[in-house]
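Which chain is which? The protein sequence lines are A and B, in order.
In this text, residue positions in the first sequence follow the working numbering: the first is 195, and each later residue adds one.
In this text, residue positions in the second sequence follow the working numbering: the first is 195, and each later residue adds one.
There are 2 protein chains.
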Amino acid sequence: MVRDFTKELGYLPLGSRLKRVGERMQAETARFLASEGIEQPPGIWPLLQTLHGEGALTVGELATALGVSQPGVTRSLRQLTADGMVKPAPAGEDQRRKPVMLTDTGASVVERCMRDLWPHVEAAVREMCASLDGPILQQLDRIEEELDSLPLDRRVARKMQERDDG
Amino acid sequence: MVRDFTKELGYLPLGSRLKRVGERMQAETARFLASEGIEQPPGIWPLLQTLHGEGALTVGELATALGVSQPGVTRSLRQLTADGMVKPAPAGEDQRRKPVMLTDTGASVVERCMRDLWPHVEAAVREMCASLDGPILQQLDRIEEELDSLPLDRRVARKMQERDDG
DNA sequence: ACACGTTATATAACGTGTTATGTTAATATG
DNA sequence: CATATTAACATAACACGTTATATAACGTGT
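Next up, the structure:
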């Protein structure tokens with residue numbers, strides 16, 4: 195068995211470990227969503243949520259708000275447009291600016307998530323983190339252990355079940 | 195100005211935020227390393243460190259130890275071989291297995307990092323996290339604030355300077 | 001009116017991760 | 001021994017992020 199060097203090097207690999215744990219949580223959340231019939235990739239939700247909250251935004255505004263690159267937003271919007279989730283919004287005077295907004299379909303998908311799914315995801319994550327305390331490295335250790343013992347999609351599904359039972 | 199929805203949704207976007215902060219720290223560490231003449235991408239160091247600690251490992255052993263996909267390891271090793279950092283290791287009886295090990299060049303690069311660079315990176319990260327306390331979401335908020343006020347490469351460079359001065 | 005600098009977005013190219021698949025070697029089974 | 005199954009790794013294809021660049025639109029100064 196190979197030693198796990200990331201645990202031996204203290205704070206040195208903190209960035210790497212944060213990234214790994216984050217990706218793992220995103221993947222497990224996506225697995226749960228897929229089981230609920232929602233196939234959008236994990237990274238798209240900050241964008242959809244922001245559009246839902248703000249109404250119409252341009253590529254650049256989204257990129258700045260989300261802290262991602264502009265071509266990445268362009269690409270995501272191209273896909274979401276093809277999926278019928280977003281559409282061009284009424285433009286102002288400046289023809290360079292291309293505001294977009296959610297379609298009715300997109301809005302109803304986001305609203306369904308906000309009403310039916312996110313509360314359980316949030317509760318499952320919060321509950322998993324509730325007993326965590328101390329330095330961030332220790333908290334990461336513990337989150338990894340928790341996910342090893344019960345992945346996030348299973349935790350959320352259990353939350354849904356409690357709701358159905360209660 | 196667009197509202198930052200990730201901060202409003204509590205624990206829901208924890209995975210996404212962990213990933214973002216982790217990537218940011220990795221990018222800033224890579225910037226520091228580049229300033230020291232080391233151009234290996236951030237993701238390669240766990241692999242190099244593991245080879246340095248273990249001697250020779252196969253693709254599958256590395257993939258399992260690092261928690262990444264086997265083709266990803268294959269690709270990384272292809273590049274590292276081209277860079278002269280790793281080479282094939284003496285094989286056993288099983289002709290399917292292709293163990294690799296660090297070259298002398300690779301080992302000396304890793305050792306230079308371990309001796310001269312990682313201690314400062316680790317100290318900078320540890321110092322940045324030293325005053326953090328409480329739930330992980332709050333710690334992430336604080337790390338982001340710390341990185342906003344002084345990026346990691348600048349923190350490490352400062353650590354190097356203190357060493358030079360002291 | 002025109003020249004030039006800046007802004008907004010699309011596109012190109014690249015890097016880095018994954019899953020799926022193909023090939024070869026080794027092992028298990030009847 | 002022959003065949004089926006599994007293991008190990010390379011390769012193919014794709015997804016998703018980035019930086020660099022191209023193009024169009026806009027603003028400013030002369």
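All residues carry an ideal CB built from backbone N, CA and C; glycine is no exception.
Cβ-based neighbour list, residue i, same chain, cut-off 6 Å, excluding 5 preceding and 5 following
{"i": "VAL350 of chain A", "result": "PHE226, HIS314, VAL315 and ALA318"}
{"i": "MET322 of chain A", "result": "GLU340"}
{"i": "ALA232 of chain A", "result": "Per the sequence presented here, residue 232 of chain A reads as Ile, with Ala not at that position. There are no such residues."}
{"i": "GLU356 of chain B", "result": "none"}
Spatially closest choice to residue i from the options, by CA coordinates
{"i": "GLN234 of chain A", "options": "A:MET279, A:ARG214 and A:GLN355", "result": "A:MET279"}
{"i": "LYS281 of chain B", "options": "B:LEU251, B:ARG290 and B:GLN289", "result": "B:LEU251"}
{"i": "ALA217 of chain A", "options": "B:LYS213, B:GLU217, B:ARG309 and B:ALA228", "result": "The question names Ala, but residue 217 of chain A in the sequence shown is Glu. GLU217 of chain A has its Cα closest to that of B:LYS213, out of B:LYS213, B:GLU217, B:ARG309 and B:ALA228."}
{"i": "THR297 of chain B", "options": "B:GLU356, B:ALA283 and B:VAL215", "result": "B:ALA283"}
{"i": "PRO345 of chain B", "options": "B:PHE199, B:THR200, B:THR223 and B:LEU203", "result": "B:THR223"}
{"i": "THR275 of chain B", "options": "B:CYS307, B:THR258 and B:ALA301", "result": "B:ALA301"}
{"i": "GLN273 of chain B", "options": "B:ASP288, B:MET219 and B:ILE238", "result": "B:ILE238"}
{"i": "GLU202 of chain B", "options": "A:MET308, A:ALA324 and A:GLN355", "result": "A:MET308"}
{"i": "ARG320 of chain B", "options": "A:GLN289, A:PRO329 and A:SER343", "result": "A:PRO329"}
Closer than 7 Å at the beta carbon, the chain B residues around residue i
{"i": "THR244 of chain A", "result": "VAL196 and PHE199"}
{"i": "VAL215 of chain A", "result": "LEU212"}
{"i": "ARG348 of chain A", "result": "Going along chain B, no residue has its Cβ under 7 Å from ARG348 of chain A, so there is no contact; the nearest lies around 15 Å."}
Sequence-distant residues of the same chain with beta carbon closer than 8 Å to residue i, five excluded per side
{"i": "TYR205 of chain B", "result": "LEU331"}
{"i": "ALA221 of chain B", "result": "PRO236"}
{"i": "LEU260 of chain A", "result": "PRO240, LEU241, THR244 and VAL267"}
Chain-ordered chain A contacts of residue i [CB-CB under 7 Å]
{"i": "GLU255 of chain B", "result": "VAL196"}
{"i": "ILE238 of chain B", "result": "Under the 7 Å cutoff, chain A gives no residues; its nearest Cβ is about 11 Å from ILE238 of chain B."}
{"i": "GLY261 of chain B", "result": "ARG214"}
{"i": "THR223 of chain B", "result": "GLY209"}
Those residues which DSSP pairs with residue i across a bridge
{"i": "VAL294 of chain A", "result": "A:LEU251 and A:PRO282"}
Whole-number beta carbon distance between residue j and residue i, since they are thought to touch under 8 Å
{"i": "ARG211 of chain A", "j": "LEU334 of chain A", "result": "6 Å"}
{"i": "VAL294 of chain B", "j": "HIS246 of chain B", "result": "VAL294 of chain B to HIS246 of chain B, Cβ: 12 Å. No contact."}
{"i": "SER157 of chain B", "j": "LEU241 of chain B", "result": "Past the boundaries of the shown model lies residue 157 of chain B; chain B is included only from 195 to 360, so the question cannot be answered."}
{"i": "GLU338 of chain A", "j": "VAL215 of chain A", "result": "6 Å"}
{"i": "SER229 of chain B", "j": "ASP347 of chain B", "result": "7 Å"}
Cut-off 7 Å between Cβ atoms - residues of its own chain near residue i, not counting five sequence neighbours on either side
{"i": "ARG336 of chain B", "result": "LEU326"}
{"i": "GLY254 of chain A", "result": "GLN264"}
{"i": "LEU256 of chain A", "result": "LEU241, THR244 and VAL267"}
{"i": "LYS353 of chain A", "result": "HIS314, ALA317 and ALA318"}
{"i": "THR299 of chain B", "result": "GLY278 and MET279"}
{"i": "ARG291 of chain A", "result": "THR252 and ALA285"}
{"i": "GLY249 of chain A", "result": "MET295"}
{"i": "THR200 of chain A", "result": "PRO207, SER210 and ARG211"}
{"i": "MET219 of chain B", "result": "LEU346"}
{"i": "ALA324 of chain B", "result": "none"}
Beta-carbon neighbours of residue i, restricted to chain B and to distances below 9 Å
{"i": "MET219 of chain A", "result": "LEU208, GLY209, SER210, LEU212 and LYS213"}
{"i": "LEU251 of chain A", "result": "VAL196"}
{"i": "CYS323 of chain A", "result": "TYR205, LEU208, PRO329, ILE330 and LEU331"}
Neighbouring residues, chain B, relative to residue i (Cβ below 8 Å)
{"i": "GLY247 of chain A", "result": "ARG197 and PHE199"}
{"i": "LEU274 of chain A", "result": "Simply none; closest approach about 17 Å."}
Neighbouring residues, chain A, relative to residue i (Cβ below 8 Å)
{"i": "GLY204 of chain B", "result": "GLU316 and ARG320"}
{"i": "ILE232 of chain B", "result": "Correct list: empty, because the minimum Cβ distance to chain A is about 15 Å."}
Residue i beta carbon near the ligand ADP (any heavy atom closer than 7 Å)
{"i": "ALA259 of chain B", "result": "For the ligand ADP, the structure offers nothing, since it holds no ligand at all."}
Closer than 9 Å at the beta carbon, the chain A residues around residue i
{"i": "LEU326 of chain B", "result": "PRO329 and ILE330"}
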